[in-house]
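Novice:
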Amino acid sequence: MSKCLIANISKEMMNDLEIDYSYLSDRDLQTKMNDLVIQSNQEETKMSLSLSFVYMYDYEEEKMSKITKQLKSKGINAIFVASTPYNLSWSLKDLLDEVMQEHELFQTKARLKEMMMQFSLGENKKQAEMVLMEAFIIFQGNDVKAMNQMIEKLESLQKDLG
Numbered sequence: 075m076s077k078c079l080i081a082n083i084s085k086e087m088m089n090d091l092e093i094d095y096s097y098l099s100d101r102d103l104q105t106k107m108n109d110l111v112i113q114s115n116q117e118e119t120k121m122s123l124s125l126s127f128v129y130m131y132d133y134e135e136e137k138m139s140k141i142t143k144q145l146k147s148k149g150i151n152a153i154f155v156a157s158t159p160y161n162l163s164w165s166l167k168d169l170l171d172e173v174m175q176e177h178e179l180f181q182t183k184a185r186l187k188e189m190m191m192q193f194s195l196g197e198n199k200k201q202a203e204m205v206l207m208e209a210f211i212i213f214q215g216n217d218v219k220a221m222n223q224m225i226e227k228l229e230s231l232q233k234d235l236g
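Under the numbering used here, the sequence shown is numbered contiguously, ending at residue 236.
Quick look at the structure:
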């Protein structure tokens, strides 16, 4: 029984996807994912998330890719999550907390990478190379706070050099 659990996506956007789906709402936050998969809520709801969310249960990788592409082609910027034996036992809130932390990490890594790629060495190449090396080491980790501090440092240095 393949199914998508969705949040903040209109029924209109789901019409031609030919998939079984159920809407999530804030009242589902304490419910385990495996229980949510069984339930069926066809009433369009909004969650207090800032982004759209799609949880794909029991789909082959090819079908998940197709669903993702179809929704993206409609301009939906969603967080897509595949079910795993582990996350099925989590509450929706725990899953969203984990996914949002990962999303923030990926967004911050992308921003830091962009900053490193655009960084101009300027006249003091030794100092700039050392800062870029430090940025690269931080980029390899998962410390979002350190990455944001490095982004600020690179922005400040770029202003000073430019």
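Positions of the beta carbon are idealized from the N, C-alpha and C atoms, including for glycine.
All figures in this text were calculated on a predicted structure; none of them were measured in a lab.
So what does DSSP say about PHE154, is it helix, strand or coil?
Specialist: In this structure, PHE154 counts as strand in the three-state DSSP scheme.
Novice: Could you tell me if LEU195 is buried or exposed, where buried requires 16 or more neighbouring beta carbons within 10 angstroms of its beta carbon?
Specialist: So LEU195 counts as exposed.
Novice: Helix or strand or just coil, what does DSSP make of LEU125?
Specialist: DSSP places LEU125 in coil when its eight states are reduced to three.
Novice: Mind checking LYS20: buried by the 16 CB within 10 Å criterion, or exposed?
Specialist: Given that the chain is displayed from residue 75 to residue 236, the structure contains no residue 20 and the question cannot be resolved.
Novice: Could you name each continuous alpha helix (DSSP H) segment of 4 residues or more that falls completely within the stretch 99-144, going from the start of the chain to the end?
Specialist: If we require 4 residues or more, the alpha helix (DSSP H) runs fully inside the stretch 99-144 come out as 107-112.
Novice: Measure the Cβ-Cβ separation of ALA20 and LEU186 and say whether it is below 8 Å.
Specialist: Lying before the first or after the last residue shown, residue 20 is absent from the chain, which here runs from 75 to 236.
Novice: Measure the alpha-carbon distance for GLU172 versus ASN108 and round it to whole angstroms.
Specialist: GLU172 and ASN108: Cα-Cα distance of roughly 17 Å.
Novice: So, using beta-carbon positions, are ASN198 and SER126 closer together than 8 Å?
Specialist: In this structure, SER126 does not lie closer than 8 Å to ASN198 by Cβ.
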